[in-house]
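Numbering (the working numbering), first residue to last: 6 to 241.
For glycine and all other residues, C-beta sits at the position ideal for the given N, C-alpha and C.
Note that the structure is a prediction, hence the values are computed from the model and not measured.
What follows is one structure encoded as structure tokens, with my remarks underneath.
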Amino acid sequence: MTVTAWDEPAGATPRGTLVVLPGRGETDAFYARFGKRLSADAYKVRVVAVDLDDLTATRVRVEKLLADESLPSPKVLVGADTGATLAATLVGEVAADAAVIAGVALPGSTADGSWEDQVEARTACPVHRSVLDADVLLDREALDRPLPWTTVELSAPDKPVLVVHGTADRITPAADAIASYVDAADARVWLVEGGRHDILNDVSHRSVAATIVLFLESLKLGAGLPPVLVPAGAVR
Numbered sequence: 006m007t008v009t010a011w012d013e014p015a016g017a018t019p020r021g022t023l024v025v026l027p028g029r030g031e032t033d034a035f036y037a038r039f040g041k042r043l044s045a046d047a048y049k050v051r052v053v054a055v056d057l058d059d060l061t062a063t064r065v066r067v068e069k070l071l072a073d074e075s076l077p078s079p080k081v082l083v084g085a086d087t088g089a090t091l092a093a094t095l096v097g098e099v100a101a102d103a104a105v106i107a108g109v110a111l112p113g114s115t116a117d118g119s120w121e122d123q124v125e126a127r128t129a130c131p132v133h134r135s136v137l138d139a140d141v142l143l144d145r146e147a148l149d150r151p152l153p154w155t156t157v158e159l160s161a162p163d164k165p166v167l168v169v170h171g172t173a174d175r176i177t178p179a180a181d182a183i184a185s186y187v188d189a190a191d192a193r194v195w196l197v198e199g200g201r202h203d204i205l206n207d208v209s210h211r212s213v214a215a216t217i218v219l220f221l222e223s224l225k226l227g228a229g230l231p232p233v234l235v236p237a238g239a240v241r
């Protein structure tokens, strides 16, 4: 099984494991910035190859990582685009402790047009755009391709979930992406103002990463996601 990995700094105690499920056409290069940033906070990051033509094999790869006793808990699925759809549907069925659903793809979540149109739909971040343009392995028509599911029923699992979605995502409208989670007790839902589809790699990637870290730190306190930070007035 080919897995791209980033580990905690030397001497640090790992705080958990992120199993990253890429979206359509995405390569490991998409997650170098994310992997380095989250591993710097002592979370192990593992990017798993997702084969949308063989979802059974993909699930086996995910379950193998989750069963790896050398990887510390909590173990959290992190998905983008179709990877987010997989994370959302798998988290309640596998031995993951939680999921991060970033820029989920639903039936009809496509972007036709030129390569420039697809880049516009993905991100406004100039650094990520340069990664897209330089990645010779990237499938440049990926977002124009339909999902392997004709229907997707998202439902909040009995596990903690963080949903992050851009308000300017024209691949999946924000209202559709968050509808199943906004009233769920174990879900935390954040909309990124002006954010596009590749929300982990858009202009607000620092804030999104910080939000993920805060979710992970809260998860370490308990599955009920007790707050790490509280307003000063709450303790008076």
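- In the DSSP secondary-structure assignment, Val-83 is bridged to Val-25, Val-105.
- Put simply, the backbone Cα of Leu-152 is about 9 Å away from that of Thr-115.
- Pairing Arg-193 with Asp-174 gives a Cβ-Cβ distance that is not under 8 Å.
- Approximately 22 Å separates the beta-carbon atoms of Ala-89 and Ala-72; this is outside 8 Å, ruling out the contact.
- Taking 8 Å as the cut-off, the Cβ atoms of Leu-82 and Leu-26 count as close.
- Fully contained in the stretch 33-73 are the following beta strand (DSSP E) runs of length 3 or more, in chain order: 48-53.
- One alpha carbon belongs to Thr-22, the other to Leu-221, and they sit about 10 Å apart.
- For Leu-224, the uninterrupted alpha helix (DSSP H) segment begins and ends at 210-226.
- Here Gly-40 is not near Thr-87, since their CB atoms are 8 Å or more apart.
- According to the DSSP assignment, Trp-120 belongs to the alpha helix (DSSP H) that extends over 120-127.
- DSSP places Ala-182 inside the alpha helix (DSSP H), whose first and last residues are 179-183.
- In the structure shown, Thr-9 falls within a strand segment according to DSSP collapsed to helix, strand and coil.
- The residue from Arg-127, Leu-230, Leu-60, Thr-155 with its alpha-carbon nearest to that of Lys-164 is Leu-230.
- For Ala-192, no alpha helix (DSSP H) run applies; the uninterrupted beta strand (DSSP E) run containing it begins and ends at 192-197, by DSSP.
- For the set Gly-199, Leu-234, Gly-227, the Cα lying nearest the Cα of Thr-216 is the one of Leu-234.
- Distance from the Cα of Ala-190 is smallest, within the candidate group Ala-62, Pro-162, Ala-47, for Pro-162.
- Minimum Cα-Cα distance from Ala-85 among the listed residues Val-55, Glu-68, Asp-102 corresponds to Val-55.
- The closest CA to that of Val-105, considering only Leu-137, His-170, Glu-121, is found on His-170.
- Within the model, the alpha-carbon separation for His-133 versus Asn-206 is close to 6 Å.
- When the beta-carbon positions are compared, Ala-103 and Pro-79 come within less than 8 Å of each other.
- Thr-128 counts as buried, since no fewer than 16 other beta carbons sit within 10 angstroms of its beta carbon.
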